[in-house]
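Q: Each residue of the sequence shown is one higher than the one before, starting from 0 at the first, in numbering that gives the first Met the number 0.
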Amino acid sequence: MKHLRTLGLTAMAVLALTAIVDVSSASAKNFHSTNAGKIVSEIKNTHTFGLTGSTVNCNTIAFNGNANTNSETMVVHPEYSNCKAFGFLNTTVNTAGCNYRFNANLNTFDLEGCTGGGINFGSSGCSVFYPNQTGINGVTYTNTNTAPNRTLDIKTASTNLKFNVTSANMFGCPLTEGGKHNNATYNGDTGVMVEGSAETWIE
0 MKHLRTLGLT AMAVLALTAI VDVSSASAKN FHSTNAGKIV SEIKNTHTFG LTGSTVNCNT
60 IAFNGNANTN SETMVVHPEY SNCKAFGFLN TTVNTAGCNY RFNANLNTFD LEGCTGGGIN
120 FGSSGCSVFY PNQTGINGVT YTNTNTAPNR TLDIKTASTN LKFNVTSANM FGCPLTEGGK
180 HNNATYNGDT GVMVEGSAET WIE
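(1) Just to check my reading of the structure: E41 and T189 have Cβ atoms closer than 8 Å, yes? What is that Cβ distance to the nearest angstrom?
(2) Under a Cβ-count criterion, where at least 16 other Cβ atoms within 10 Å of its own Cβ denotes burial, should P173 be classed as buried or exposed?
(3) Tell me, please, whether the segment 176-185 touches the segment 28-41 by the rule of three or more beta-carbon pairs shorter than 8 Å.
(4) If distances are taken between C-alpha atoms only, which option among W200, N186, D109 comes closest to N131?
(5) Quick check: the Cα distance between N63 and W200, rounded to an integer number of angstroms?
(6) Out of V75, G52, C82, state which residue places its alpha-carbon closest to the alpha-carbon of H46.
(7) List the whole-angstrom C-beta distance separating V92 from T150, where the pair is believed to meet the contact cut-off of C-beta under 8 Å.
(8) What separation, rounded to the nearest whole angstrom, lies between the Cα atoms of K154 and Y140?
(9) To the nearest angstrom, report how far apart N58 and G96 are at their CA atoms.
(10) Going along the chain, which unbroken runs of the alpha helix (DSSP H) with 4 or more residues stay wholly within the segment 60-143?
(11) Looking at the unbroken beta strand (DSSP E) that takes in N148, where does it start and where does it end?
(12) Between the C-alpha atoms of M169 and T90, what's the straight-line distance to the nearest angstrom?
(13) Within the same chain, show all residues whose beta-carbon is closer than 6 Å to that of M73, passing over the 5 residues directly before and after it, in chain order.
(14) Going by C-alpha to C-alpha distance, which of S166, Y79, A103, G49 sits closest to L160?
(15) Where do the ends of the beta strand (DSSP E) carrying K179 lie?
(16) Taking DSSP as the reference, what is the three-state secondary structure of E202?
(17) Suppose the cutoff is 6 Å on Cβ atoms and the five residues either side in sequence are ignored; what does the same chain contact list for F120 look like?
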């Protein structure tokens, strides 16, 4: 009888562990698209980078890449234009080689693959760059609209970006050359879907 009771308790423990595993698996999320293809982005607002009291505001942004039908990660190449920084118009933003890697199960994303030091802002007289880095915080994902017209909304409210000041020779430049910081902000709201009006969503 004692042997049977032990077997019963063991079976219950196995069932409990199985339930925990099932719950864990069920909680994992993926990005989905009705078909794989080129990502099309829709900007919901101005994207703003905050740098120790100064800002870089960009009104034209594109997230370029390819979406899979089912994947935990999404990699996009960001392009920024029509930007204003440090009070100067027509600020150049160089994102050569840079990608953002988003993970459906994390509230952080990574900046990777950059050439030339990272994302570069500004002119020769007042310039900064964001190096490759991981764990950029403050990202959230929301499904907008309803099936069969769902799009994925990616919102960033980041507060821990690292950046370095490469030049601060221009009159009125509010930065200090050679300064390294780890508390820059990045706020933006971007909708993404797949070319051809295919749905894109997270679940």
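The beta carbon of each residue, even a glycine, is placed where N, CA and C say it ideally should be.
A: Here's the rundown:
(1) 7 Å
(2) exposed
(3) no
(4) D109
(5) 17 Å
(6) C82
(7) 25 Å between Cβ atoms; not a contact.
(8) 6 Å
(9) 21 Å
(10) none
(11) Segment: none, N148 is in no beta strand (DSSP E) and carries neither H nor E.
(12) 13 Å
(13) F30, F101
(14) G49
(15) 179-193
(16) coil
(17) V55, A84, V92, V127
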